[in-house]
Ligand code: ASP
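Quick look at the structure:
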């Protein structure tokens, strides 16, 4: 069993996604998808069009724009499906005023259309992702639902990004949250997690700063968290935390270059002493304060006092290297 999550840049080209999934008929696969994102011809993500619907004074015109956007992802499908699909979108967007419901529709329509293409079961995210009434994600209840509904199922398509509380009210994971949806399903099923985007994998450095960075073939969860903290993007830090509960690997793959091996992220791996540096990342939003004081280390409470002052002032520490007689404390600029 594998969980495959396709991001917005992939879902803007659902026929390409369909080809990838259909090329592997043997593997049991749960497919999680984002709303269509930017593409060569589209400058606005479907989710942003839906967010604009909440602000616009001309709701009818915005609904037409949204319909045009979704029509493009079903343009090659049979006309009776297209008709049903577009009529449902028009009805939902006209009749409903709940912001979370409206914003979540990008994922709902995207997954519904993909399940039609693949002739595969569609499972609404409200059936498997459970939130408490105050909007807190309920991991335990969700894992139970995921296991009940999905364990043993060969194939299903599920929208990412949202779930619901017991009363059926929709709650969102936050922008980019479909990464979390896929991670939570993978962890609950102890499955491997493929995350399909538009890059070949995690690079050993930012190409704007490092010449010819390599695609890293293997990393650990911890290294990815370190890298993300140090300024590298790709996977939401939170989704790595969700994966901590499962046993599988993460494989980052490129929808537009599917034969590339990608980057595999594992819980642990053997350390290759001949390559002591794995990757470089950089941030420019940090400040460093260095304190020099001869004899600093002789005092048992010196560091404790510094940490205490920072704690009292609610300042988090990004990094804190020490030497015999000096300490450097790195903070976020805003702190
Ligand atoms: N569609 C949502 C967004 O644009 C969630 C996602 O793509 O993961 O943030």
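In my numbering, the protein residues as written are 181 to 515. Ideal Cβ placement from N, Cα and C applies to all residues, glycine included.
Selection from the options that minimises the alpha carbon distance to residue i
i	options	result
residue 346	332, 315 and 329	315
residue 211	422, 238 and 330	330
residue 510	249, 325, 470 and 481	470
residue 431	322, 457 and 399	399
residue 262	251, 393 and 387	251
residue 497	483, 202, 512 and 377	512
residue 292	243, 339, 319 and 271	339
residue 184	334, 386, 473 and 450	334
Check: residue i C-beta below 7 angstroms from any heavy atom of the ligand ASP
i	result
residue 355	yes
residue 214	yes
residue 435	no
residue 312	no
residue 286	yes
residue 190	no
residue 237	no
residue 347	no
residue 359	yes
residue 199	no
residue 300	no
residue 227	yes
residue 362	no
residue 340	yes
Environment of residue i [buried if 16+ CB atoms lie within 10 Å]
i	result
residue 374	buried
residue 265	buried
residue 234	exposed
residue 475	exposed
residue 205	exposed
residue 443	buried
residue 433	buried
residue 351	buried
residue 310	buried
residue 396	buried
DSSP bridge partner residues for residue i (one or two, in chain order)
i	result
residue 342	352
residue 182	209 and 372
residue 300	Beta-bridge pairing links residue 300 to no other residue.
residue 471	507
residue 432	375 and 443
| Is it true that the segment 281-290 meets the segment 343-362, where meeting means three or more beta-carbon pairs spaced less than 8 angstroms apart? | In short, these stretches touch, since the Cβ pair count reaches three.
| task | Could you say if the segment 290-304 and the segment 255-262 meet the contact criterion of at least three C-beta pairs nearer than 8 angstroms? | result | Verdict: yes, contact present.
| message | Whether or not the segment 366-385 and the segment 417-426 are in contact is what I'm after, with contact meaning three or more pairs of Cβ atoms, one per stretch, closer than 8 angstroms; do they touch? | response | Verdict: yes, contact present.
| field | Sufficient close CB pairs (3 or more, under 8 angstroms) joining the segment 476-493 to the segment 445-454 | value | No, the segment 476-493 does not touch the segment 445-454.
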